[in-house]
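S.K.: Chains as they are written, first to last, in the numbering used here: chain B, 6 to 423; chain H, 6 to 423.
2 protein chains.
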Amino acid sequence: MNISNYIKGICEKAQQAAEILAIATTEEKNEALTRISESIQSSARKILDANEKDLGEASKDKLDPAMIDRLTLTQNTIEGIVEGIQEIVKLDDPVGTIGPMQTRPSGITVAQMRVPIGIIGIIYESRPNVTADAASLCLKSGNVVILRGGSESFYSNQAIEKCIIEGLSKTGIPSTAVQLIATTSRTAVGELLTRKEEVDLIIPRGGKGLITRVSKESKIPVLKHLDGICHVYIDKEADHSKAINIAENAKTQRYGTCNTMETLIIHSDCAPVILPKLLKIFTGHKVEVRGDKKAKVIIPTIKLASKKDWETEYLGPVLSIAVVDSVEDAIMHISKYGSKHTDSIVTENDKTAKKFLRQVDSSSVMLNASTRFADGYEYGLGAEIGISTDKLHARGPVGLQGLTSLKWIVYGDGHIRT
Amino acid sequence: MNISNYIKGICEKAQQAAEILAIATTEEKNEALTRISESIQSSARKILDANEKDLGEASKDKLDPAMIDRLTLTQNTIEGIVEGIQEIVKLDDPVGTIGPMQTRPSGITVAQMRVPIGIIGIIYESRPNVTADAASLCLKSGNVVILRGGSESFYSNQAIEKCIIEGLSKTGIPSTAVQLIATTSRTAVGELLTRKEEVDLIIPRGGKGLITRVSKESKIPVLKHLDGICHVYIDKEADHSKAINIAENAKTQRYGTCNTMETLIIHSDCAPVILPKLLKIFTGHKVEVRGDKKAKVIIPTIKLASKKDWETEYLGPVLSIAVVDSVEDAIMHISKYGSKHTDSIVTENDKTAKKFLRQVDSSSVMLNASTRFADGYEYGLGAEIGISTDKLHARGPVGLQGLTSLKWIVYGDGHIRT
């Protein structure tokens, strides 16, 4: 197979499909999603068989357990995929909605209409459910999608894509509205990243290696989620019990997620009271605690944290603690070491809270809440295609609206410019 | 001078300034803008002297008259710059505004806050007034700006920058919030385009050569305005007098602007009546008319248009005419040859209008109005930093809001995720 021609062909088919999908009605898109969910439901056995095949290869290739866990599909996860699609059917369609109209002194009336972005390329690893999730979100928002899954989920992804095509074939939406790149060749990704004439946006989902490579190579704008080095800052005016609960939840509810706390910052006034209690809790969870010199004075058994600790997304049961003397110092630490993902302050002081919410330049900034809430479902987006740590177009959890853009609509009645 | 170190130094100073500017109050920013406008007003003589120096070089270098025209400053244009800044003072500050709040089933309350993008690099040609305009828009929206003007306006730009620094030095906003790259070395642009750790967005303003080069080289997201191949489609149900006025205005009000009509599309039903009238009008304006075979049958004196004509932004007194048999064919022509800038339909039929407004994938789509209205001032943005033909982040005229982004704000009261 000539990879370059193959990718070119996919992109050209995507372009044709995009013109039709962009103007499909909400009913047509919901019909398509329903057909897809039915097809996935009735093909559960085939998808699980394909997944077995991937799992067999994975154990031959000695993939690490975390990756195998992400790769594994069960009857339950397939039910989850089906329910997820049904949820997307229920979401409001942003496409075609028109914002407030404003009549200008010239007499023209101006408004903005939500429109799909066009063609989106999604490059992802391991989790085969992304194939269905991403396709559904793109479809509902009127975007054609080109999917490129990881080689480890090659058969699972193809089985799911087959269901999507089968579902679409029963509707007026072209089945090329969702295309899976059916080769494990790495060159295919490189080729896709050059097709800026057709593809409007690339969304990589996976480990840092993948995201760094895609960002570096892409000639197409990339909406990416890089690191999640999230902080909780316990202020001197924090409610101690809220602070302890939030710190425990933010660190231990799940270790491997991007919105998990990696560094706890605490004011020196309350550190002597709170830190010993937290150490006990974290030790109970088998979380390794590290800290700066001031933290180590209060809880001497911990390991001294290095600069590298502040910059690390552990994605595991490790936590670093910094003791500061003011909210300004906390903000400075976050600005220096954070990844602009999610940061939370615990305080009862309104003024301090406002300062933190305004000044911390992260995609989500929270008051008296666990960083674990940074999530499209929790925010009411219905679903998310990812969490953006970029600053343009969309920050934080990206749902249907983040997959659209706004064009200007002008109504005149023979108006000319003078 | 080591260019690489020089640009690095500028970017680092910009980063320090960005943290302060991002949280400056509206009053502080307006105060800064007022001081800058006063400084420009009182230094008019010095700016004009510097401009004389640029014009002297330009005539030595035999720059073309259009470029010299764009380069030339007068007492009047300086008054215009001053008034422009005063207008920006009056505009609402988008930064820090919080959208609708939504309380979620978990109990957290979620909203979005407008925040500056951060550091913006603007690379522009000839017009020295961009130095003041762009700096003012960025300041008001809380963004630090790095300016790189054309070598032909080297002295003018520096004179204006001096006024900006003088103005800022009287306020609490660091004078490094606006920095002009003070070298004509082309390497400097290349260096700036690699500083993705500091610079969040690049906006090129100028000819196609500049924009293509910047897009190609930049490692930083680019918000660009490429071509303006704008269409007016006269439908079979158009009001003839509106159609003729709009076509005349869209083509002849100004030739060199991006929102000028380059191709007229007309329905075959009304072409025989309207085209002869339009030919007379355009001939009166000394506009050269070209057309497809069907147009030539109706107005045989015109030149036959080639494929190249449909793809060309003339930026001058030339117009191509295509005759079609349906609104669908008009939309297809625009989709094939347009540049996603601005396209207008003239029709009295609501259904046809809606179809066109919905289906044409351009940054501005108009009904019964001249394409010349596609402009930040006309849309009520107060001012514009440019017109984006990109599809992400901002489409069409970009004002203060387009220079901001949204971060999520979450309010809890000790909420944790379960």
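Where a beta carbon is used, it is the ideal one built from N, C-alpha and C, also for glycine.
For clarity, every value in this text was computed on a predicted model and none was experimentally measured.
Which residues of the stretch 383-395 of chain B have a Cβ closer than 7 Å to any Cβ of chain H? Give them in chain order.
M.R.: For the stretch 383-395 of chain B, which is checked against every Cβ of chain H, the residues closer than 7 Å are 383, 384 and 385.
S.K.: Determine the direct distance from the alpha carbon of residue 84 of chain H to that of residue 162 of chain H, and round the result to whole angstroms.
M.R.: Here residue 162 of chain H corresponds to residue number 157 of the second sequence, with the count starting at 1. Here residue 84 of chain H corresponds to residue number 79 of the second sequence, with the count starting at 1. Cα to Cα, the separation comes out at about 16 Å.
S.K.: Could you check what DSSP says for residue 42 of chain B in three-state terms: helix, strand or coil?
M.R.: Counting from 1 along the first sequence, the entry for residue 42 of chain B is found at position 37. In this structure, residue 42 of chain B counts as helix in the three-state DSSP scheme.
S.K.: Nearest CA to the CA of residue 131 of chain H: which residue from H:87, H:106, H:272 and H:56?
M.R.: As a first step, residue 131 of chain H must be located in the second sequence, where it is residue number 126. Nearest C-alpha to residue 131 of chain H: H:56.
S.K.: Please classify residue 47 of chain H as buried or exposed, where buried requires at least 16 neighbouring CB atoms within 10 angstroms.
M.R.: As a working note, residue 47 of chain H is residue 42 in the second sequence. Result: exposed.
S.K.: Is the CB of residue 416 of chain B under 9 Å away from at least one CB in chain H?
M.R.: As a first step, residue 416 of chain B is located in the first sequence; it is residue number 411 there, counting from the start. Yes, because at least one Cβ of chain H sits closer than 9 Å to the Cβ of residue 416 of chain B.
S.K.: If you draw a straight line from the C-alpha of residue 37 of chain H to the C-alpha of residue 120 of chain H, how long is it?
M.R.: Here residue 37 of chain H refers to the residue found at position 32 when the second sequence is read from its first residue. Here residue 120 of chain H refers to the residue found at position 115 when the second sequence is read from its first residue. Spanning the two alpha carbons is a distance of roughly 19 Å.
S.K.: Got a sec: is the Cβ-Cβ distance from residue 266 of chain H to anything in chain B below 9 Å?
M.R.: Here residue 266 of chain H is taken as the residue at index 261 of the second sequence, counted from 1. Not one chain B Cβ lies under 9 Å of residue 266 of chain H.
S.K.: Cα-Cα, which of B:321, B:310 and B:318 is closest to residue 328 of chain B?
M.R.: Along the first sequence, read from residue 1 onward, the residue named residue 328 of chain B stands at position 323. Answer by Cα proximity: B:310.
S.K.: For a contact meaning CB atoms closer than 9 Å, what does residue 335 of chain B contact in chain H?
M.R.: The residue you call residue 335 of chain B lines up with position 330 of the first sequence. Per Cβ cutoff of 9 Å: no residues; residue 335 of chain B is ~14 Å from chain H at best.
S.K.: Compare the C-beta of residue 287 of chain B against all C-beta atoms of chain H and say whether one is closer than 9 Å.
M.R.: Residue mapping note: residue 287 of chain B aligns to position 282 of the first sequence, counting from 1. False, the Cβ-Cβ gap to chain H never drops below 9 Å.
S.K.: Do residue 349 of chain H and residue 245 of chain H have their C-beta atoms within less than 9 Å of each other?
M.R.: Taking the second sequence and counting its residues from 1, one reaches residue 349 of chain H at position 344. Taking the second sequence and counting its residues from 1, one reaches residue 245 of chain H at position 240. No, the Cβ-Cβ distance between residue 349 of chain H and residue 245 of chain H is not below 9 Å.
S.K.: Determine the direct distance from the alpha carbon of residue 231 of chain H to that of residue 228 of chain B, and round the result to whole angstroms.
M.R.: Position 223 of the first sequence, counted from the first residue, corresponds to residue 228 of chain B. Position 226 of the second sequence, counted from the first residue, corresponds to residue 231 of chain H. So the alpha carbons of these two residues sit roughly 22 Å apart.
S.K.: So is residue 405 of chain H in contact with chain B if we call contact Cβ pairs under 9 Å?
M.R.: Here residue 405 of chain H refers to the residue found at position 400 when the second sequence is read from its first residue. Taking Cβ atoms only, chain B never reaches closer than 9 Å to residue 405 of chain H, which makes this a no.
S.K.: Could you pull out every unbroken alpha helix (DSSP H) segment of at least 4 residues lying fully inside the stretch 205-275 of chain B, listed in chain order?
M.R.: Within the stretch 205-275 of chain B, the complete alpha helix (DSSP H) runs of at least 4 residues are 213-222 and 245-257.
S.K.: With a CB to CB cut of under 6 Å and the five nearest residues on each side skipped, what residues in its chain are close to residue 243 of chain H?
M.R.: Residue numbering aside, residue 243 of chain H sits at position 238 when the second sequence is read from its first letter. Once the five neighbours on either side are set aside, the close Cβ partners of residue 243 of chain H are 351 and 352.
S.K.: Anything in chain B within Cβ reach of residue 232 of chain H, meaning under 9 Å, just list it in chain order.
M.R.: By 1-based counting over the second sequence, the position of residue 232 of chain H is 227. Result: empty, since nearest Cβ-Cβ is about 14 Å, beyond 9 Å.
S.K.: Can you list the residues of chain H that residue 361 of chain B reaches, using a CB-CB cut of under 9 Å?
M.R.: Along the first sequence, read from residue 1 onward, the residue named residue 361 of chain B stands at position 356. Ordered by position in chain H, no residue passes the 9 Å Cβ test against residue 361 of chain B, which lies about 10 Å from the chain.
S.K.: Is the stretch 301-315 of chain H in contact with the stretch 324-342 of chain H, if contact means three or more CB pairs nearer than 8 Å?
M.R.: Yes, the stretch 301-315 of chain H touches the stretch 324-342 of chain H.
S.K.: Assuming residue 188 of chain H and residue 6 of chain H are in contact, meaning their beta carbons sit under 8 Å apart, how far apart are those beta carbons, in whole angstroms?
M.R.: In the second sequence, counting from the first residue as 1, residue 188 of chain H sits at position 183. In the second sequence, counting from the first residue as 1, residue 6 of chain H sits at position 1. Rounded, the Cβ-Cβ distance is 7 Å, consistent with contact.
S.K.: Can you pull out the residues from the stretch 288-318 of chain H whose beta carbon lies closer than 9 Å to at least one beta carbon of chain B?
M.R.: Taking 9 Å as the Cβ-Cβ cut-off against chain B, none of the residues of the stretch 288-318 of chain H qualify.
S.K.: Determine the burial state of residue 289 of chain B: buried for a count of at least 16 other Cβ atoms within 10 Å of its Cβ, exposed for fewer.
M.R.: As a working mapping, residue 289 of chain B is identified with position 284 in the first sequence. When all chains shown are included, residue 289 of chain B counts as exposed.
S.K.: What is the rounded straight-line gap between the Cα of residue 408 of chain B and the Cα of residue 15 of chain H?
M.R.: Within the first sequence, the letter at position 403 stands for residue 408 of chain B. Within the second sequence, the letter at position 10 stands for residue 15 of chain H. Cα-Cα distance, rounded: 35 Å.
S.K.: Using beta carbons (cut-off 9 Å, strictly below), is residue 247 of chain B in contact with chain H?
M.R.: As a working mapping, residue 247 of chain B is identified with position 242 in the first sequence. Chain H contact via Cβ: present.
S.K.: Distance, Cα to Cα, residue 116 of chain B vs residue 109 of chain B?
M.R.: Numbered from its first residue, the first sequence carries residue 116 of chain B at position 111. Numbered from its first residue, the first sequence carries residue 109 of chain B at position 104. Rounded to the nearest angstrom, the two C-alpha atoms are 11 Å apart.
S.K.: Beta-carbon separation of residue 12 of chain B and residue 185 of chain B under 9 Å?
M.R.: Position 7 of the first sequence holds residue 12 of chain B. Position 180 of the first sequence holds residue 185 of chain B. Cβ distance not < 9 Å, so residue 12 of chain B and residue 185 of chain B don't count as in contact.
S.K.: I'd like to confirm the pairing. Which residues does DSSP put opposite residue 348 of chain H in its beta bridges?
M.R.: Taking the first residue of the second sequence as position 1, residue 348 of chain H is located at position 343. Bridge partners of residue 348 of chain H: H:236 and H:370.
S.K.: Mind checking residue 88 of chain H: buried by the 16 CB within 10 Å criterion, or exposed?
M.R.: Here residue 88 of chain H refers to the residue found at position 83 of the second sequence. It is exposed - the Cβ of residue 88 of chain H has fewer than 16 other Cβ atoms within 10 Å.
S.K.: At the 9 Å Cβ level, is residue 209 of chain B part of the contact set with chain H, yes or no?
M.R.: What you label residue 209 of chain B is simply residue 204 of the first sequence in a count that begins at 1. False, the Cβ-Cβ gap to chain H never drops below 9 Å.
S.K.: Cα-Cα, which of B:394, B:422, B:372 and B:400 is closest to residue 114 of chain H?
M.R.: Along the second sequence, one-based indexing puts residue 114 of chain H at 109. Residue 114 of chain H has its Cα closest to that of B:372, out of B:394, B:422, B:372 and B:400.
S.K.: Would you mind working out which of B:123, B:219, B:234 and B:58 sits nearest residue 370 of chain B, comparing C-alpha positions?
M.R.: As a working note, residue 370 of chain B is residue 365 in the first sequence. Minimum Cα distance to residue 370 of chain B is reached at B:234.
S.K.: Closer than 7 Å, Cβ to Cβ, to anything on chain H: give me those residues from the stretch 173-194 of chain B, in chain order.
M.R.: Those would be none; no residue qualifies.
S.K.: What does residue 119 of chain H reach in chain B if we use C-beta pairs closer than 9 Å?
M.R.: Residue 119 of chain H sits at position 114 when you count from the first residue of the second sequence. Chain B residues near residue 119 of chain H: none, gap ~11 Å exceeds 9 Å.
S.K.: Closest Cβ-Cβ distance between residue 42 of chain B and chain H: below 9 Å?
M.R.: Within the first sequence, numbered from 1, the residue matching residue 42 of chain B stands at position 37. Not an interface residue.
S.K.: By Cβ distance, which residues of its chain are closer than 6 Å to residue 273 of chain B, with the 5 residues on each side in sequence left out?
M.R.: The count along the first sequence starts at 1 and reaches residue 273 of chain B at position 268. Cβ within range, chain order: 328 and 330.
S.K.: Kindly confirm or deny that the stretch 402-422 of chain H and the stretch 380-393 of chain H touch, where touching means at least three C-beta pairs closer than 8 Å.
M.R.: Short answer: they touch.
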